[in-house]
Amino acid sequence: MEIRPEDLAKILAYVTVIIIGIIYLFPIFWAFLSAFKYEADIFNPAALIPTRLTLQNFFEPYFKPIFLQWIGNSFIVSAGATIIVILISVPAGHVLARARSKSYRLLSHILIFAYLFPSTFLIVGFTRLLGTLGLLNSYLGVILAYVAFNAPYVIYLVYSYMFAIPVELEEALLVDGYTKFDILKKLVFPLSFPVIVTGVLWTFMQSWNEVLYALVILNSPELMTAPIGMATLQPGESITPWGTLWAFSLVYSIPPLIVFYLLQQYYITGLMRGAIKAA
Amino acid sequence: MVEVRLENITHIYVTGRKTQTLAVKDINLTFPHASFCALLGPSGCGKTTLMRIIAGLNIQTSGHVYFDQREVTPLTPRERNVAMVFQFPVLYEMNVYENIAFPLRSVKVPESEVKRKVKEVAELVGVTHILNVHPSTLDMGSKQKVVLARALVREPNVFLFDEPLTNLDPLGRLEMRSKIKELQRNIKTTMIYVTHDQAEALTLADKIAVMDFGVVVQYDEPTKLYEHPKNEFVGFFLGNPGMNFIQGTLEDNAINFGEFKYDVSDVVEKLKEYGTEFKIGIRAEYVKVSKKPFKGAFKAKCIVSEHLGTSTLLDLKAGDKEFKAKLRITDVKEGDEVYVQFPKEKVHIFNKAGELII
Amino acid sequence: MGSEKTSVVKGKLSNLLSYDFFAVLPTTLVFVVLLIVPLITEFAYAFSTLTEPFSLGSIIFVLNDPLYLWSFIRTVIYIIIDISIKFLVGLIAAVALRQVKGYKILWGIFLLPYAMPLVPALYVWYCLYHPAWGLINYVARTTGLTSTIINFLGDPSIALYSLIWAHAWRFTPLWMTILLAGLHGIPEEYYESAKIDGATPTRTFFRITLPLIKRYLLLNATLSLIWTSGEFVSIWVLTKGGPANSTHVLGSYAYWYMMAGGNFHVAAAALVCAFPLLLVLMAIFFRILGWR
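First to last, the protein sequences are chains Y, A and S. Under this note's numbering, the residues of the first sequence are numbered 1 to 279, in order. Under this note's numbering, the residues of the second sequence are numbered 1001 to 1358, in order. Under this note's numbering, the residues of the third sequence are numbered 2001 to 2292, in order.
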């Protein structure tokens, strides 16, 4: 039997996909399945494929109400940061893109510099500033952090995107007597929909996952975001039931998974646009 | 250079899960060796598909492709030794020398050979001075030259052009056209040229295969296609403007168009076999127009008059029949009444479906 | 007539000025108050100690602290191995995926490790790595690959690499997407031309495909290096810097001194001393950005 090189490539491709599938999907599958297992079964190799399942991990006494509060906090903080970021980024990105005088390249370089800089390296300065402002241990403090560290990237996204929208559209409206604010509302926001979606996705996901700043800023258990709260359960010591942890994780994962999969189309298109520009 | 022969080529594309598109149907064509042939037709007619089948990029669903006497269907594009020029200059991320050397290196030609051949071809095409340059810095014209060089370095059997002039500005187009013609003269290789621009095909090709909806409508020399189109499609597609087609009814010994008639007494017996509805075809430049009446002429009104530099294009209307006439400079204006005649030797008669009878 | 015109223009000008001004104002405020001020504050803290306001004491301490130096080195190791894994596996995945039917759906599924939140993703590996009841050890022992227990997170010589793997694992799907997007931007004609020129798929890939997206790939790679240099979560969640301080990186070092050690100055100094690394990486980024 003759095997042509194309066929060999196809077989290799399928095998690779299966192997990668196992390495990248199986652990997640195992982990989330554990949310539905009895505690004893989770680490029991014999019960890898469970014979019995339970929902007990999702209810008391395992699932504490504070878990929901933590998830709620994550939500408040992420949504808050996202809204603020979009509100300040779209007008700014738009105006910066239209600025004809001065060196707009310098401006874009500053933006790039700002979003390149890893947030970790400002932890001391930022939190001390919050301390001086009395914003430690508050939602606002965390939201400000998330705004500060995500806005530059979103502004840059909007800024790049604006170049694809012809200035003539706005000029025509201006000539017709519309104010610039009207233009923003009626033209800029609707037309920038794809990049706004990307910005929302980005900010929300970054904020939902963030640990360092939430850890340093928030001290009271009631205010903690989910990842921090999760860590206080001290998994790793045999104190914590892992089943509970996985149930909590599952619930904690639902909002971002929904947001991500709903909006991934835009994210990928956004990446493609960036790719075509750069390639 | 080889003779390319297509035998009963049919190709069906499978696009979706259940959707199939018939791209070309039962094509039989022979492109003589060292000839320059064009595949001409509107978008979707199958010309690009046919070219890709010749190249080996697509394998036809059924039928055979022969280079001289050899069936090339099982061969890869490289094994067929075809060269292809695309719509935009496809240049790799390496300097010009490396680009040209690429096909030779891909089949493990010894380095000394490579050097010799690249230098040879570079001289032929005129890129010796930019061999060390990265293509991104070159202008369009030079880029296309490098593409040609890379194609030539393999001494291909067949040269394939896929609408290479479409993306050029008018000036660039004229330049490239003359360059291709020059190439054709210098290198005796079979060339097959795909285009939707009939002027391009008429100027460049020795033979043109006019295609529509996946079939070859007529395959002939440009003059024959122009003067004796087999059907309405060919007549209208070629020429600028296309051939005039006017529909009328056979009555007594003439075809009646309402306001005027065309005498067919010499062929009326033959015409009767095809029914009563006919179309006559005549090219705009052969329509005789005069401001003063003359024998055999009928009256028509000028609706539009366009000056095109050395000639004038007139839209004429007689009754409800419209047609165009192309004349040298004339002072016929819009609204003028003129006298028109269709010279018999330039008129073709088509049946209702548009097929040539006379 | 003339004065009417100028007043209209002037009106428009002032309209322009004020709108543009307010449009950019919040951003400028955020930039200055939330980024510049903290930066200055951090420098202030770095160049002072618990006892003296203007001193190089913290900096000297940090530069002489072997733990700091090792943290710095480990950070560099971390970011290099991290991008290597992401790039290689992502590339293999992207190339394989393109050949396979239904690749759009598979792509979405493969994004799962990236779509799910970071902390649970890390805990997954905590469980898998566990010496006593982790699946990896179980499989390794039952299939006879090893006879001893591999203590992924407890063995100082391999703990860092276990962390890096978990982190890279989580971000590989992102890189797969980046690569797929990049490959997608290449016109089909390049592949056809390569076929006609007789290049094998491998040769086509390395000599034609990759060079075409070189700038795009390098930009993303540098971005990864920069952003990962601030890595904190994976260390803190999985090992907290241990065992025996063998997994401390810049971020965790600074955090430890800030929260456990109660010394903001040392923490700030630790971060500030790493700025040169950041600046070098950013310079590389800007250099590549300027290509073409």
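Ideal placement from N, C-alpha and C gives every residue a C-beta, glycine not left out. Computed from a predicted model, the values in this text were never measured in an experiment.
- The C-beta distance from residue 114 of chain Y to residue 2106 of chain S rounds to 36 Å, too long to meet the 8 Å contact threshold.
- Excluding sequence positions up to five before and after residue 2155 of chain S, its CB lies within less than 8 Å of the CB of 2243, all in the same chain and listed in chain order.
- Residue Y:241 holds the alpha-carbon nearest to the alpha-carbon of residue 60 of chain Y among Y:162, Y:161, Y:33 and Y:241.
- Per DSSP, reduced to three states, the secondary structure at residue 1208 of chain A is strand.
- Cβ contact annotation for residue 1075 of chain A (same chain, cutoff 7 Å, sequence separation greater than five): 1056, in chain order.
- Here residue 1029 of chain A is bridged, per DSSP, to A:1006.
- Residue contact with chain S for residue 126 of chain Y: present (Cβ-Cβ distance below 8 Å to some residue of chain S).
- A contact is defined here as three or more CB-CB pairs under 8 Å, and the stretch 2077 to 2091 of chain S meets this definition with respect to the stretch 2155 to 2172 of chain S.
- Between residue 196 of chain Y and residue 86 of chain Y the beta-carbon gap is near 6 Å, inside 8 Å, which marks them as a contact.
- In the three-state scheme derived from DSSP, where H, G and I count as helix and E and B as strand, residue 2184 of chain S is classed as helix.
- In the DSSP assignment, residue 1118 of chain A falls within the unbroken alpha helix (DSSP H) covering 1111 to 1125.
- Ranked by how close their Cα comes to the Cα of residue 2218 of chain S, the residues S:2095, S:2041, S:2287 and S:2274 have S:2287 in first place.
- DSSP places residue 1049 of chain A in the uninterrupted alpha helix (DSSP H) bounded by 1047 to 1055.
- Just measuring C-alpha positions, the residue of A:1136, A:1174 and A:1172 sitting nearest residue 1090 of chain A is A:1136.
- Taking 7 Å as the Cβ-Cβ cut-off, the stretch 186 to 215 of chain Y approaches chain S at 208, 209, 211 and 212, given in chain order.
- The Cβ atoms of residue 1192 of chain A and residue 1158 of chain A sit closer than 8 Å to each other.
- For residue 242 of chain Y, the residues of chain S that pass the 8 Å Cβ criterion are 2127, in the order they occur in the chain.
- Under the DSSP assignment, residue 1162 of chain A falls in the beta strand (DSSP E) whose first and last residues are 1158 to 1162.
- When C-beta atoms of the stretch 28 to 38 of chain Y are compared with those of the stretch 46 to 60 of chain Y, three or more pairs fall below 8 Å, so the two segments count as touching.
- For chain Y, the residues of the stretch 2039 to 2054 of chain S that bring a beta carbon within less than 9 Å of one of its beta carbons are 2039, 2040, 2041, 2042, 2043, 2044, 2045 and 2046, in chain order.
- Counting along the chain, residue 2064 of chain S sits inside the alpha helix (DSSP H) bounded by residues 2057 to 2064.
- Residues 2285 of the same chain have their beta carbon placed closer than 8 Å to that of residue 2223 of chain S, with the five preceding and five following residues left out of the count.
- Shortest Cα-Cα distance from residue 1070 of chain A to any of A:1013, A:1209 and A:1005 involves A:1005.
- When rounded, the separation of the alpha-carbon atoms in residue 129 of chain Y and residue 2045 of chain S is 11 Å.
- In summary, no residue of the stretch 1021 to 1050 of chain A has a CB separated from any CB of chain S by less than 9 Å.
- Across the structure, residue 2238 of chain S and residue 2122 of chain S are spaced so that their CA atoms are roughly 7 Å apart.
- For the stretch 4 to 24 of chain Y, the residues whose beta carbon sits under 8 Å from a beta carbon of chain S are, in order, 5, 9, 10, 12, 13, 14, 16, 17, 20, 21, 23 and 24.
- The C-alpha of residue 44 of chain Y is placed about 13 Å away from the C-alpha of residue 2136 of chain S.
- As computed with DSSP, residue 1355 of chain A is found in a beta bridge with A:1231.
- Each residue's CA atom was taken as its position, placing residue 20 of chain Y and residue 2191 of chain S some 26 Å apart.
- Any Cβ of chain Y closer than 8 Å to the Cβ of residue 2032 of chain S would place that residue at the interface, and such an atom is absent.
- The beta carbon of residue 2145 of chain S sits no closer than 8 Å to any beta carbon of chain Y.
- Per DSSP, residue 2149 of chain S has no beta bridge partner at all.
- Beta-bridge analysis with DSSP links residue 1325 of chain A to A:1314.
- Not a single CB atom of chain S sits nearer than 8 Å to the CB of residue 97 of chain Y.
- When DSSP reads this structure, residue 1305 of chain A sits in a beta bridge with A:1314.
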